[in-house]
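Q:
Chains as they are written, first to last, in this note's numbering: chain A, 32 to 377; chain B, 32 to 377.
Written as structure tokens, this is what we have:
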């Protein structure tokens, strides 16, 4: 940004200029800008006024290196094009920006090999802390890279082995699913299918646990969890097969945006109307949920709040590296809408 | 990341270690790692092998400062939670990562004041180039900050005054709207409304121009552009008022995700069925478009391609600061679907 030439207009305003304008010594300016308190208030005010008038911008990078800090936090996203992940980044960035930190975003494009590579890149850039939504929970190269990390680490919406020294920010999927299934049961449904991803995803395990909670309370119910890969095709194929049973489920709780699209297609093909012939609940929120006809009952998490909480944890750990790891579990909510229709014949 | 203490395990493998393992001088290692060609091939291979065995990671930040480069590109998003913007970031990050660059993301949360502040932050972090989707087209503080920028700048999906020395990557909204309106005309529609944001958005102006192109070709058509603020409420209120006319439009082309939700609500309230009583085309793609019943005809751009093109322009300009600014306009496409239904009585 700063050419070495003598172009007057682009010359950076330095600490020397501020000192001259304020009529104080350079060391005074330096103490004020470093936030030290051993400066008389009237001098401090003159320095701040002079810095403002001159448009002084501290050389953050040079400062950072002197302090061994870059005032940057890395975020490794498993899939940045996923709107939940983009919302997590948005929430984290707002907190970091307010504290003078910047967010360095890397994307692993759902490729577990890229996770470890991205960790190496961010280490070499000396980020002060790392926030990560790993593609896999126990990928050997990722676990190794995370275990040897010397900076604060916060895993969002995922799990890692206990050997990884991390804080966690998680959503309480289990509670949201429990509420949704109980609502369906109250509407007369007895054959309910929960579609989720495989057990390697924490969200899938937690959702299954929510279903199991309700099943344990009333063993007469036919509550079934079906774990499949998170693709539209798998969702459509599986829902079609379930609908073709002699006694098909009367309600679906669908954990995954792609699965939801697949299930809606399967219903269309089978000529079964969502919210009339079959009840539908989506987890998580999907952009279609509120404008779909009928509007879709939804289990919601708050991804921006997840990002904010992770950024706050990391700032605390940057300030106090000895602070113990934290785990924050944020609540989910259940919004009943018309697609959570009563069981047929009710 | 690197504690100053003598902990053996976390000591950074240095260029000295690589030289020792390879049995060559430090200057040889340095030349190899800098990609110079004045090194004998067998020495080069020994250095590369030694660096690999030791897990040597170059100190990117120290290197950067020596070279006056940080190998980072800033991206100022007007609204990172917008999935189009997240897709632009995703596309840009993939290209930058492949070239050893990182993406520093700042979010202006649709607040024009934050644009100029974020530019200042990224300047102080000495990013090598800046990519930006500005909140406003001619905000004084933003224009001033951009005009005095000494690094390559690429504006994506927006306009800035000619005084701003920038490259541009844009989508051809005009062409997509033209195709959509022509399709509606071919289906017998004569009263068509294009709903867009205000003229301060390039996308809105370009879409209006697309409608005007069709109107100019056939003045007997009642083609009307209605510019409103981009909120769900404005979309709903305006669509309701249009539907209450004695001769209401028979087709809506809706430019904006929030407007679309508002229009669909207005149709619901008015008891008019989309794709039957009223034809609907959405611009841009909306996650609901393909699963809505009926599926929504859509004008599509490719935001990831926008991000990739911007990153490629910036890498070219980092390599050659004297290269002239470029403008790339990427095509849009029109996907007719059932919601683009024939005019009533046809």
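Cβ coordinates follow ideal geometry from the N, Cα and C atoms, glycine included.
1) Closer than 7 Å, Cβ to any Cβ of chain B: which residues of the segment 145-175 of chain A, in chain order?
2) Would you say residue 46 of chain A lies against chain B (beta-carbon separation less than 8 Å)?
3) Can you tell which of A:279, A:46 and A:264 has its C-alpha closest to the C-alpha of residue 289 of chain A?
4) Measuring CB atoms only, is the segment 127-145 of chain A touching the segment 123-130 of chain B, in the sense that at least three cross pairs come out at less than 8 Å?
5) Does any residue of chain A have a CB that is nearer than 8 Å to the CB of residue 121 of chain B?
6) Judging by CA-CA distance, which residue of B:105, B:72, B:51 and B:270 is the nearest neighbour of residue 85 of chain B?
7) Label residue 188 of chain B either buried or exposed according to how many other C-beta atoms from any shown protein chain fall within 10 Å of its C-beta, with 16 as the threshold for buried.
8) Taking contact to mean 3 or more Cβ pairs, one atom from each stretch, closer than 8 Å, check whether the segment 343-357 of chain A and the segment 309-318 of chain A are in contact.
9) Under the DSSP definition of a beta bridge, which residues are partnered with residue 161 of chain A?
10) Mind checking which residues open and close the beta strand (DSSP E) that includes residue 329 of chain B?
11) Quick check: is the beta carbon of residue 217 of chain A nearer than 8 Å to any beta carbon in chain B?
12) Applying the criterion that 16 or more other CB atoms from any shown protein chain within 10 Å of the CB defines a buried residue, is residue 260 of chain A buried or exposed?
13) Should residue 166 of chain B and residue 190 of chain B be called a contact, given that it needs their Cβ atoms to be closer than 8 Å?
14) Is the shortest distance between the beta-carbon of residue 371 of chain A and the beta-carbons of chain B less than 8 Å?
15) In three-state DSSP terms, what is residue 149 of chain A?
16) What would DSSP say about residue 294 of chain A, mapped onto helix, strand or coil?
17) Going by the DSSP bridge assignment, what does residue 313 of chain B pair with across the sheet?
18) Helix, strand or coil: which one does DSSP assign to residue 358 of chain B?
19) Taking the C-alpha atoms as reference points, what is the distance between residue 107 of chain A and residue 339 of chain A?
20) Where do the N-terminal and C-terminal ends of the beta strand (DSSP E) with residue 253 of chain A fall, by residue?
21) Around the Cβ of residue 280 of chain A, are there at least 16 other Cβ atoms within 10 angstroms (buried) or fewer (exposed)?
22) Excluding the five sequence neighbours on either side, which residues of its own chain have a C-beta within less than 7 Å of the C-beta of residue 341 of chain A, listed in chain order?
23) Given a threshold of 16 other Cβ atoms within 10 Å of its Cβ, counted over all protein chains shown, does residue 149 of chain A qualify as buried or as exposed?
24) Going by Cα to Cα distance, which pick from B:53, B:132 and B:230 is closest to residue 156 of chain A?
25) How is residue 143 of chain A classed by DSSP in three states: helix, strand or coil?
26) Could you tell me the alpha carbon to alpha carbon distance between residue 33 of chain B and residue 182 of chain A, rounded to whole angstroms?
27) Between residue 212 of chain B and residue 273 of chain B, how many whole angstroms is the CB-CB distance? I'm expecting something under 8 Å.
28) Verify the CB distance criterion: does residue 133 of chain A have a CB-CB separation below 8 Å to chain B?
29) What are the boundary residues of the alpha helix (DSSP H) that residue 57 of chain A is part of?
30) Among B:110, B:175 and B:203, which one has its Cα closest to the Cα of residue 194 of chain B?
31) Taking only the alpha-carbon atoms, compute the straight-line gap between residue 113 of chain A and residue 376 of chain B and give it to the nearest angstrom.
32) Going along chain B, which residues have a C-beta under 9 Å from residue 295 of chain A?
33) Can you look up residue 212 of chain A in the DSSP assignment and give me helix, strand or coil?
34) Compare the C-beta of residue 364 of chain A with all C-beta atoms of chain B and state if any pair is closer than 8 Å.
35) Going straight from the alpha carbon of residue 103 of chain B to that of residue 45 of chain B, what length do you get?
36) When Cβ atoms are compared, which residues of the segment 261-293 of chain A fall closer than 7 Å to chain B?
A: In brief:
1) 151, 152, 154, 155, 156 and 157
2) Counting from one through the first chain, the residue named residue 46 of chain A turns up at place 15. Answer no: the Cβ-Cβ gap between residue 46 of chain A and chain B never drops below 8 Å.
3) Stepping through the first chain from its first residue, residue 289 of chain A is reached at position 258. Ranking the options by Cα distance to residue 289 of chain A, first place goes to A:264.
4) yes
5) Here residue 121 of chain B refers to the residue found at position 90 of the second chain. At least one C-beta of chain A is nearer than 8 Å to the C-beta of residue 121 of chain B.
6) Numbered from 1 along the second chain, position 54 holds the residue referred to as residue 85 of chain B. Residue B:51 is the option with its Cα nearest to residue 85 of chain B.
7) The count along the second chain starts at 1 and reaches residue 188 of chain B at position 157. With 16 or more Cβ atoms within 10 Å of its Cβ, residue 188 of chain B is classed as buried.
8) no
9) Taking the first chain and counting its residues from 1, one reaches residue 161 of chain A at position 130. For residue 161 of chain A, which the question treats as bridged, DSSP gives the partners A:105 and A:184.
10) For the purposes of this step, residue 329 of chain B is taken as the residue at position 298 of the second chain. Its beta strand (DSSP E) spans residues 328-331.
11) Counted from its first residue, the first chain places residue 217 of chain A at position 186. Chain B contact via Cβ: absent.
12) For the purposes of this step, residue 260 of chain A is taken as the residue at position 229 of the first chain. Residue 260 of chain A is exposed by the Cβ-count criterion.
13) Indexing the second chain from 1 puts residue 166 of chain B at position 135. Indexing the second chain from 1 puts residue 190 of chain B at position 159. In this structure, residue 190 of chain B does not lie closer than 8 Å to residue 166 of chain B by Cβ.
14) The residue you call residue 371 of chain A lines up with position 340 of the first chain. With 8 Å as the cut-off, residue 371 of chain A does not count as an interface residue toward chain B.
15) By one-based count along the first chain, residue 149 of chain A stands at place 118. Three-state result, residue 149 of chain A: helix.
16) Your numbering for residue 294 of chain A matches position 263 in the first chain. In the structure shown, residue 294 of chain A sits in a helix (DSSP, three-state: H, G or I).
17) One-based indexing of the second chain puts residue 313 of chain B at position 282. Beta-bridge pairing links residue 313 of chain B to B:285 and B:329.
18) The residue given as residue 358 of chain B occupies position 327 in the second chain. Of the three classes helix, strand and coil, the one that applies to residue 358 of chain B here is strand, per DSSP.
19) Along the first chain, one-based indexing puts residue 107 of chain A at 76. Along the first chain, one-based indexing puts residue 339 of chain A at 308. Rounded to the nearest angstrom, the two C-alpha atoms are 15 Å apart.
20) Numbered from 1 along the first chain, position 222 holds the residue referred to as residue 253 of chain A. Looking at the DSSP string, the run of the beta strand (DSSP E) that includes residue 253 of chain A is 253-258.
21) Here residue 280 of chain A refers to the residue found at position 249 when the first chain is read from its first residue. Buried: at least 16 other Cβ atoms inside 10 Å.
22) Against the first chain, residue 341 of chain A aligns to sequence position 310. The residues are 123, 162, 185, 187 and 200.
23) In the first chain, counting from the first residue as 1, residue 149 of chain A sits at position 118. Residue 149 of chain A should be labelled buried.
24) The sequence position of residue 156 of chain A within the first chain is 125, counting from 1. Ranking B:53, B:132 and B:230 by Cα distance to residue 156 of chain A puts B:132 first.
25) Here residue 143 of chain A refers to the residue found at position 112 of the first chain. Here residue 143 of chain A sits in helix by DSSP.
26) Here the question's residue 33 of chain B lines up with position 2 in the second chain. Here the question's residue 182 of chain A lines up with position 151 in the first chain. Annotation note: pLDDT 31 at residue 33 of chain B (below 50); position unreliable, no value reported.
27) Taking the second chain and counting its residues from 1, one reaches residue 212 of chain B at position 181. Taking the second chain and counting its residues from 1, one reaches residue 273 of chain B at position 242. With 8 Å as the limit, residue 212 of chain B and residue 273 of chain B do not qualify as a contact, their Cβ atoms being about 16 Å apart.
28) One-based indexing of the first chain puts residue 133 of chain A at position 102. Closer than 8 Å to some Cβ of chain B, the Cβ of residue 133 of chain A qualifies, so yes.
29) For this step, residue 57 of chain A is matched to residue 26 along the first chain. First-last of the alpha helix (DSSP H) with residue 57 of chain A: 57-64.
30) Start at 1 with the first residue of the second chain, and residue 194 of chain B comes out as number 163. Of the listed residues, the one whose Cα sits closest to residue 194 of chain B is B:175.
31) Here the question's residue 113 of chain A lines up with position 82 in the first chain. Here the question's residue 376 of chain B lines up with position 345 in the second chain. Going by the C-alpha atoms only, they are around 42 Å apart.
32) Here residue 295 of chain A refers to the residue found at position 264 of the first chain. Per Cβ cutoff of 9 Å: 322 and 324.
33) Looking up residue 212 of chain A in the first chain gives position 181. It is helical.
34) By 1-based counting over the first chain, the position of residue 364 of chain A is 333. No - not a single Cβ of chain B is within 8 Å of the one on residue 364 of chain A.
35) For the purposes of this step, residue 103 of chain B is taken as residue 72 along the second chain, with counting starting at 1. For the purposes of this step, residue 45 of chain B is taken as residue 14 along the second chain, with counting starting at 1. Across the structure, residue 103 of chain B and residue 45 of chain B are spaced so that their CA atoms are roughly 23 Å apart.
36) 292
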